[in-house]
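Residue numbers (this note's numbering): 59 to 301.
Built from N, CA and C at the ideal position, the CB exists for glycine as well.
Keep in mind it's a predicted model, so treat the numbers as computed, not measured.
Just below is one structure, and these are the notes that go with it.
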């Protein structure tokens with residue numbers, strides 16, 4: 059054997075001259091493929107101003123330097139592009155998508171988003187997706203109620219809305235978290251001191267219109283004079299096929 063079985067790292071030969079060339083080639087390949095970071099996984103032409111160590115996954119129909127390199131990992135080092143075939147089980151962080159992908163017998167498959175607001179659990183070749191989403195917003199309280207700018211999306215299935223008091227609420231004794239017409243849907247008579255929290259789980263329930271969350275004052279003047287509450291929406295969102 060002249061190279062390793064998986065990554066193709068070249069071996070030094072007995073009595074070989076210029077061993078440093080072979081050794082450096084192996085290091086360069088290992089540096090590119092170990093803990094692989096793909097800046098983009100569908101490029102067809104070499105970027106104009108690459109940085110040393112940049113890696114891309116070449117898509118079909120490559121042009122210029124990338125001609126005939128579809129499906130390979132392009133690594134820029136020492137002012138030139140090198141191309142490496144992926145190996146079974148290789149794991150890559152796809153930087154522009156914030157996700158992990160693993161190379162399987164059927165090609166690259168998404169492993170899932172990394173602690174992001176939207177995680178794609180599965181998807182089809184035509185673009186249909188199943189997403190689990192967690193989005194949040196901090197609301198400054200004033201008046202009888204405030205509504206969020208983030209919404210429970212149309213055609214989503216909501217599991218709940220959680221909340222935490224992040225700045226002491228003034229003007230009332232408690233507050234409710236809900237939606238218009240169902241003011242206590244995700245929690246009623248909630249604490250106004252800093253750190254008071256509630257996991258407002260429901261059904262789950264499907265929503266058929268974009269729906270903001272409403273925080274409503276309760277007690278005394280029935281109006282907030284200050285305070286902040288952070289809310290988080292927890293829902294499932296289907297994405298229809300793209301074609």
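Return the residue from the list 209, 185 and 286 that minimises the CA-CA distance to residue 193. Measuring C-alpha to C-alpha distances from residue 193 to each of 209, 185 and 286 identifies 209 as the nearest.
Can you tell me which of the three DSSP states residue 89 falls into? Note: residue 89 maps to helix in three-state DSSP.
Is residue 230 buried or exposed, if buried means 16 or more other CB atoms sit within 10 Å of its CB? Looking at its Cβ environment, which holds 16 or more other Cβ atoms inside 10 Å, residue 230 is buried.
List, from N- to C-terminal side, the alpha helix (DSSP H) runs of 4 residues or more that fit wholly inside the segment 179-241. Listed in chain order, there is nothing to give.
Can you give the Cα-Cα distance for residue 278 and residue 204, rounded to whole angstroms? Residue 278 and residue 204 have their C-alpha atoms spaced approximately 17 Å apart.
Please confirm if the segment 180-190 is in contact with the segment 219-234, defined as three or more CB-CB distances below 8 Å between the two stretches. Contact fails: fewer than three Cβ-Cβ distances are below 8 Å.
Residues of its chain near residue 81, where Cβ-Cβ distance is below 8 Å and the 5 sequence neighbours each way are ignored: If we look at residue 81 and ignore the five residues flanking it on each side, its Cβ neighbours are 70.
Close beta carbons around residue 145, own chain, < 6 Å, minus the five adjacent residues each side: Sequence-distant Cβ neighbours of residue 145 in its own chain, meaning closer than 6 Å and more than five residues away, are 64.
Output yes or no for whether 9 Å exceeds the beta carbon distance between residue 258 and residue 297. It is not a contact, given that the beta carbons lie outside the stated cut-off.
Please list the terminal residues of the continuous beta strand (DSSP E) segment that includes residue 96. 94-96 is the span of the beta strand (DSSP E), which, as asked, contains residue 96.
N-terminal and C-terminal residue of the beta strand (DSSP E) that residue 243 is part of: In the DSSP assignment, residue 243 falls outside any beta strand (DSSP E) and carries neither an H nor an E.
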